[in-house]
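Per the working numbering, the sequence shown starts with residue 831, numbered consecutively.
Idealized CB from N, CA, C, for every residue including glycine.
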Amino acid sequence: MNDNDSAKRELINKAKNSVINFNDAEATNVAMETIRSGIDPVDIIEEGFIEGMKTVGDGFESGKLSLMDILTASKTMNKGISLLKPAAISAHEDSCFFGNLMLSL
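1) Going by DSSP in three states, residue 880 sits in which element: helix, strand or coil?
2) By Cβ distance, which residues of its chain are closer than 6 Å to residue 882, with the 5 residues on each side in sequence left out?
3) What residue range is occupied by the uninterrupted alpha helix (DSSP H) comprising residue 892?
4) Assuming residue 870 contacts residue 886 under a Cβ cut-off of 8 Å, what Cβ separation, rounded to an integer in Å, is found between them?
5) Nearest-angstrom Cα distance between residue 838 and residue 891?
6) Roughly how many angstroms lie between the CA atoms of residue 912 and residue 905, to the nearest whole one?
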């Protein structure tokens with residue numbers, strides 16, 4: 831694994847954990863670090879923020895987390911994604927966003 835791969839993996843883990851831990855500041859930091867690093871923001875969105883939201887959803891389904899936790903995690907995820915959207919659009923000019931859904935044309 832090269833340095834770029836390990837940096838990407840670290841950012842993915844931070845993004846996922848920011849959602850799981852409802853940490854808005856960390857979500858913002860991950861997004862900014864992703865932009866500075868030149869790592870594909872779509873990877874961080876899909877493998878980090880969205881996977882974190884899936885983990886929170888699993889916790890809700892198992893009864894370990896409440897609906898309020900889902901809403902709080904969603905707010906955290908959206909903080910990170912909203913910062914990454916412009917970079918994702920620039921990196922993938924043949925794609926467009928509809929809300930948090932990205933489509934490749």
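From the atom records:
1) Within the sequence shown, numbered from 1, the residue matching residue 880 stands at position 50. If DSSP states are grouped into helix, strand and coil, residue 880 belongs with the helices.
2) Taking the sequence shown and counting its residues from 1, the one referred to as residue 882 is at position 52. These residues qualify, in order along the chain: 846, 849 and 850.
3) Looking up residue 892 in the sequence shown gives position 62. Careful: residue 892 lies outside any alpha helix (DSSP H) and carries neither H nor E.
4) Your numbering for residue 870 matches position 40 in the sequence shown. Your numbering for residue 886 matches position 56 in the sequence shown. Actually they are not in contact, since the Cβ atoms of residue 870 and residue 886 sit about 24 Å apart, beyond 8 Å.
5) To locate residue 838, count along the sequence shown from 1; it is residue 8. To locate residue 891, count along the sequence shown from 1; it is residue 61. Whole-angstrom Cα-Cα distance: 29 Å.
6) Residue numbering aside, residue 912 sits at position 82 when the sequence shown is read from its first letter. Residue numbering aside, residue 905 sits at position 75 when the sequence shown is read from its first letter. Taking the straight line joining both Cα atoms gives about 10 Å.
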